[in-house]
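Each remark here refers to the structure printed beneath this line.
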Amino acid sequence: MSRVPLVNGSTIPAGSKARLDEIHGAFGTTPNMFWAVANSPAALASMWASFGALGGGVLGARLGEQIAVAVANRNGCEYCLAAHTALGRKAGAGAEEMAAAQVGHSSDPKTAAALRFALKLVDERGRADDADVRALRAAGFDDEQIVEIVAHVTLNLFTNYVNVALAVPVDFPSVPLRAAA
33 MSRVPLVNGS TIPAGSKARL DEIHGAFGTT PNMFWAVANS PAALASMWAS
83 FGALGGGVLG ARLGEQIAVA VANRNGCEYC LAAHTALGRK AGAGAEEMAA
133 AQVGHSSDPK TAAALRFALK LVDERGRADD ADVRALRAAG FDDEQIVEIV
183 AHVTLNLFTN YVNVALAVPV DFPSVPLRAA A
């Protein structure tokens, strides 16, 4: 049971209504996470704007979803793991590819470098060093892409914290958390 109410037709704050309509239009439904976040119109606006901005970024949906499952798995966020696994499959990633991404692995060296960096940011609370950024550049990432990787990590920290702290019920097919190898 969620620790905050999942708003509904009679309890939707006025400042959240239009954004919830946009979310419903984008997904064809409104995932529970957004019903919980809608308790704060400002938080909902921030989250939805970040999803929109990064969705149009240079990394692409597939890598964005792989980063999301790696961060979710590391943070023990079952909600985000389930949601982003489904979205990753929709973006063209196979089941094995998404399962590998959960623990920061990929058969693609460029993706593997991004996942290593993302998990280092999570583990070290954002502390990266020159060698970490050089490794991303050596893998083929430019400055714009490097900044977007950081942005994806921070957005996913936001959503992980919302779902874990507020115990938002998972409304996507469940995906088991995996221990890091």
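Take the position in the sequence shown, starting the count at 1, then add 32; the result is the number in our numbering.
For each residue, glycine too, the CB sits at the ideal point set by N, CA and C.
{"Query": "Mapping DSSP to helix, strand and coil, what is Asp155?", "Result": "helix"}
{"Query": "Suppose you measure from the CA of Pro37 to the CA of Ala58; what does that come to, to the nearest Å?", "Result": "23 Å"}
{"Query": "Compare the beta carbon distance of Leu113 and Val207 with 8 Å and say whether it is the shorter of the two.", "Result": "yes"}
{"Query": "Along the chain, where does the alpha helix (DSSP H) containing Thr117 start, and where does it finish?", "Result": "110–122"}
{"Query": "Which of the three DSSP states is assigned to Gly57 in this structure?", "Result": "helix"}
{"Query": "Helix, strand or coil, according to DSSP, for His184 in the structure here?", "Result": "helix"}
{"Query": "Could you pull out every residue in the same chain whose Cβ sits closer than 8 Å to the Cβ of Glu180, ignoring the five residues on either side in sequence?", "Result": "Leu86, Gly89, Val90, Leu91"}
{"Query": "How is the alpha helix (DSSP H) around Met79 delimited, first residue to last?", "Result": "73–87"}
{"Query": "In three-state DSSP terms, what is Asp140?", "Result": "coil"}
{"Query": "Along the chain, where does the alpha helix (DSSP H) that runs through Arg94 open and close?", "Result": "93–107"}
{"Query": "Who are the near neighbours of Lys142 in its chain, counting only those whose CB is closer than 8 Å to its CB and skipping five residues on each side?", "Result": "Ala171, Gly172, Phe173"}
{"Query": "Which residue's Cα is closest to the Cα of Pro73: Ala50, Asn64, Gly84?", "Result": "Ala50"}
{"Query": "Determine whether the beta carbon atoms of Ala109 and Asn195 lie at a separation below 8 Å.", "Result": "Going by the sequence as given, residue 109 is Cys instead of Ala. It is a contact, given that the beta carbons lie within the stated cut-off."}
{"Query": "Just to confirm, is the Cβ distance from Ile225 to Leu147 under 8 Å?", "Result": "The first residue shown for the chain is 33 and the last is 213, placing residue 225 beyond what the model contains."}
{"Query": "Would Val200 and Asn105 qualify as a contact pair, given that the criterion is a beta-carbon distance under 8 Å?", "Result": "no"}
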